[in-house]
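Numbering (this note's numbering), first residue to last: 1116 to 1207.
Beneath this line is the structure, given in structure tokens, with notes to follow.
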């Protein structure tokens, strides 16, 4: 599994140096709402990530001729899905 890449400066659209240099002052704490037991009880913890598929796919390794892959790629985005659909309709 690969680690997540850090976001690039271009995608953040934020001045990170300025954010890092900022020091929170006492009067800024007054803007924060009080964290109460009632607020904690209302909190909802959401699990991140994709929902589990009812019919998950299985990864395999398959060696195909370069020409075959190039022909499928030439059909445009979604070529892998179209290939799977074609293979699932094939009679064995």
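Just so it is clear, CB atoms sit at the ideal spot from N, CA and C, and this is done for glycine as well.
Nearest residue (CA-CA) to residue i, options the options
{"i": "residue 1173", "options": "1191, 1148, 1151, 1199", "result": "1199"}
{"i": "residue 1182", "options": "1176, 1175, 1190", "result": "1190"}
Simplified DSSP state of residue i, which is helix, strand or coil
{"i": "residue 1130", "result": "coil"}
{"i": "residue 1146", "result": "coil"}
**Message:** What ranges does the alpha helix (DSSP H) occupy inside the segment 1154-1201, keeping only unbroken runs of at least 4 residues that lie completely in it?
**Reply:** 1181-1188
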